[in-house]
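Peer 1: One structure follows; several queries about it will come next.
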Amino acid sequence: MNQVGVCLFDDPRTATGGWASVAGREAERVSGTGRLSSDVLWVTNLGYRDYQRLNLIRTPHIFDEQYFRTSIKAMCSELGLEGDPARAACHLSTILDRVAQSGAEILGVNIAQPGYRYSSLVSTALHLPSMRQQPHGAHASEIRAALTQATQSNQAMAGVQRPYGASCKGFNYPRGALAKWLLSQPYPISNDWKELKQASGQTVFGVEDGQLIRGTKAVRQTLSELGEKAAVFLRVRVLDTDTFYRPFATFGAGANAPRGWAALPEVLYLSKFCKLSVSGGFRCSAGRLELPPGVDLANAEYSYSRALMLENLWVGLATPLQGAGQPTAVGAYMRAYDRVVCGKAAEQFARNSFVVGSYGTGRVMVYVRKGEEAAAARISLDAGLSPPMDIAQLASGGQ
Numbered sequence: 001m002n003q004v005g006v007c008l009f010d011d012p013r014t015a016t017g018g019w020a021s022v023a024g025r026e027a028e029r030v031s032g033t034g035r036l037s038s039d040v041l042w043v044t045n046l047g048y049r050d051y052q053r054l055n056l057i058r059t060p061h062i063f064d065e066q067y068f069r070t071s072i073k074a075m076c077s078e079l080g081l082e083g084d085p086a087r088a089a090c091h092l093s094t095i096l097d098r099v100a101q102s103g104a105e106i107l108g109v110n111i112a113q114p115g116y117r118y119s120s121l122v123s124t125a126l127h128l129p130s131m132r133q134q135p136h137g138a139h140a141s142e143i144r145a146a147l148t149q150a151t152q153s154n155q156a157m158a159g160v161q162r163p164y165g166a167s168c169k170g171f172n173y174p175r176g177a178l179a180k181w182l183l184s185q186p187y188p189i190s191n192d193w194k195e196l197k198q199a200s201g202q203t204v205f206g207v208e209d210g211q212l213i214r215g216t217k218a219v220r221q222t223l224s225e226l227g228e229k230a231a232v233f234l235r236v237r238v239l240d241t242d243t244f245y246r247p248f249a250t251f252g253a254g255a256n257a258p259r260g261w262a263a264l265p266e267v268l269y270l271s272k273f274c275k276l277s278v279s280g281g282f283r284c285s286a287g288r289l290e291l292p293p294g295v296d297l298a299n300a301e302y303s304y305s306r307a308l309m310l311e312n313l314w315v316g317l318a319t320p321l322q323g324a325g326q327p328t329a330v331g332a333y334m335r336a337y338d339r340v341v342c343g344k345a346a347e348q349f350a351r352n353s354f355v356v357g358s359y360g361t362g363r364v365m366v367y368v369r370k371g372e373e374a375a376a377a378r379i380s381l382d383a384g385l386s387p388p389m390d391i392a393q394l395a396s397g398g399q
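Going by full-length UniProt numbering, the sequence shown opens with residue 1, and the numbers climb by one from there.
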């Protein structure tokens, strides 16, 4: 397989009848999965549950809608392709085939062995030797636990219900710009971990009842200075969260397991609206990631396919190592950076009385009622996000 096709079934629950296109060619009607050529990697509009239920997980050339991470549904919404499946299949197969060709040229990623997700192929190709080294020494097990608990990909709503009559809409940071920013930040680049000890046992700082706790500015400055040269993971307890932030930024909401550790960027962000207790941690050297020579961060902002490839690149770097199943320090830091920047955008929606459903991987999911489209579009643009096409059209008076 060296080409990508897109098949949009009329009814994803049955996968019978739909429109199919390969690498941008004119879409054709197909009667079902049996008409999809086995020498093409097919991305469909099947959700993962339907994909499993129909036993297509055992068909090596057919994949669910999130093979390239961003779902087919989301791309149709972003690009205004909803309601015209033939046109959508043609456009999306052009884009996704270009992603695969760019990945092969720049990263050496071969879709002939497609794996579970495209980002998993990137993960295998890109993980640096320092990322593959497991923590060792007297504190190895505690460091592994710290990396696991510090890694969270999605922040979920907590203690709030979905507004009646509202639809959940995704607002995205431009993928190329976000990838450029994320891949330019400092990351852990060493496996030489040093323990951070505190003579007093714990440090309490942050915000309580809307006021800075005494000594918070000094603690933040000390941590910020430490973070200029080191990657830091801290043992943390959240003692209180400001009531405004609780519905969308509660620590650990959306995590796979209880959390007691966080990367330094997240700790500094939490200290703006939480009362925190920090009791030591670990640090290692920090620096810039060494990316493959062909990765061009400067020009990726102007191409949808290149930006999507870069999204898969950084998500691949943030993915736990295959086989070991162990989150990496780079991945924990990358996810922290991502959720912090998404959290700042989510805050702007919340301050304008919108309910935030979740955020992460460059996207903020917001509940929008009919008549609120213009306000949602304005807020998203002010926050540096792109609204989905239907919201943008309604906000501008289009149909």
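Glycine residues also receive a C-beta, built at the ideal position from the N, C-alpha and C atoms. For clarity, every value in this text was computed on a predicted model and none was experimentally measured.
(1) Mind checking who Asn172 pairs with in its DSSP beta bridge?
(2) Taking its Cβ as the centre, do 16 or more other Cβ atoms sit within 10 Å of Gly201, making it buried, or is it exposed?
(3) For Tyr187, list the residues DSSP reports as bridge partners.
(4) What are the boundary residues of the alpha helix (DSSP H) that Glu347 is part of?
(5) Excluding the five sequence neighbours on either side, which residues of its own chain have a C-beta within less than 8 Å of the C-beta of Leu196, listed in chain order?
(6) Using 10 angstroms around the beta-carbon of His136, count the other beta-carbons present and answer buried if the total reaches 16, otherwise exposed.
(7) Taking 8 Å as the threshold (C-beta atoms), are Ala179 and Leu313 in contact?
(8) Between the alpha carbons of Gly115 and Val40, how many angstroms are there, rounded?
(9) Report the residue ranges of all alpha helix (DSSP H) runs contained in full by the region 217-250; include only those spanning at least 4 residues, in chain order.
(10) Terminal residues of the continuous beta strand (DSSP E) containing Thr44?
(11) How is Gln393 classed by DSSP in three states: helix, strand or coil?
(12) Can you list, in chain order, the residues of its chain with a C-beta nearer than 6 Å to that of Gly294? Leave out the 5 residues immediately preceding and following it.
(13) Keeping to the same chain, check which residues put their C-beta closer than 6 Å to that of Glu373; ignore five residues upstream and five downstream.
(14) If I measure Cβ to Cβ from Gln399 and keep anything under 8 Å in the same chain, skipping five residues before and after, which residues do I get?
(15) For chain C, is any of its Cβ atoms less than 8 Å away from the one on Tyr116?
(16) Who are the near neighbours of Gly24 in its chain, counting only those whose CB is closer than 7 Å to its CB and skipping five residues on each side?
(17) In the DSSP assignment, find the unbroken alpha helix (DSSP H) run with residue 404 in it and report its ends.
Peer 2: Considering the structure as presented:
(1) The residue labelled residue 172 in the question sits at position 172 within the sequence shown. According to DSSP, Asn172 shares a beta bridge with Arg363 and Ser386.
(2) Taking the sequence shown and counting its residues from 1, one reaches residue 201 at position 201. Burial call: exposed.
(3) Working through the sequence shown from its first residue, we reach residue 187 at position 187. For Tyr187, which the question treats as bridged, DSSP gives the partners Gly287.
(4) Here residue 347 corresponds to residue number 347 of the sequence shown, with the count starting at 1. It spans Ala329 to Arg351 - the alpha helix (DSSP H) in which Glu347 sits, taken as one unbroken run.
(5) Walking along the sequence shown from the start, residue 196 turns up at place 196. These residues qualify, in order along the chain: Val232, Leu234, Gly280, Gly281, Phe282 and Arg283.
(6) Along the sequence shown, one-based indexing puts residue 136 at 136. Per the 10 Å Cβ criterion, exposed.
(7) In the sequence shown, counting from the first residue as 1, residue 313 sits at position 313. In the sequence shown, counting from the first residue as 1, residue 179 sits at position 179. Pairing Leu313 with Ala179 gives a Cβ-Cβ distance under 8 Å.
(8) Position 115 of the sequence shown, counted from the first residue, corresponds to residue 115. Position 40 of the sequence shown, counted from the first residue, corresponds to residue 40. The straight-line gap from Cα to Cα measures roughly 14 Å.
(9) Residue ranges of uninterrupted alpha helix (DSSP H) with 4 or more members, entirely inside the region 217-250 and ordered along the chain, are 246-249.
(10) Mapped onto the sequence shown, residue 44 falls at position 44. Segment Leu41 to Thr44, the beta strand (DSSP E) holding Thr44.
(11) As a position in the sequence shown, residue 393 is number 393, starting the count at 1. The answer is helix: DSSP assigns Gln393 an H, G or I state.
(12) Here residue 294 corresponds to residue number 294 of the sequence shown, with the count starting at 1. The answer, listed in chain order, is Ile106.
(13) For this step, residue 373 is matched to residue 373 along the sequence shown. Only Ile391, Leu394 and Ala395 meet the Cβ criterion.
(14) By one-based count along the sequence shown, residue 399 stands at place 399. Unreliable placement is indicated for Gln399, whose pLDDT of 49 sits below 50; the coordinate value is still reported in the next sentence. The answer, listed in chain order, is Gln393.
(15) This model lacks chain C altogether; it includes just one protein chain.
(16) One-based indexing of the sequence shown puts residue 24 at position 24. If we look at Gly24 and ignore the five residues flanking it on each side, its Cβ neighbours are Cys90, Ser93, Thr94 and Asp97.
(17) Since the first residue shown for the chain is 1 and the last is 399, residue 404 is missing from the structure and cannot be characterised.
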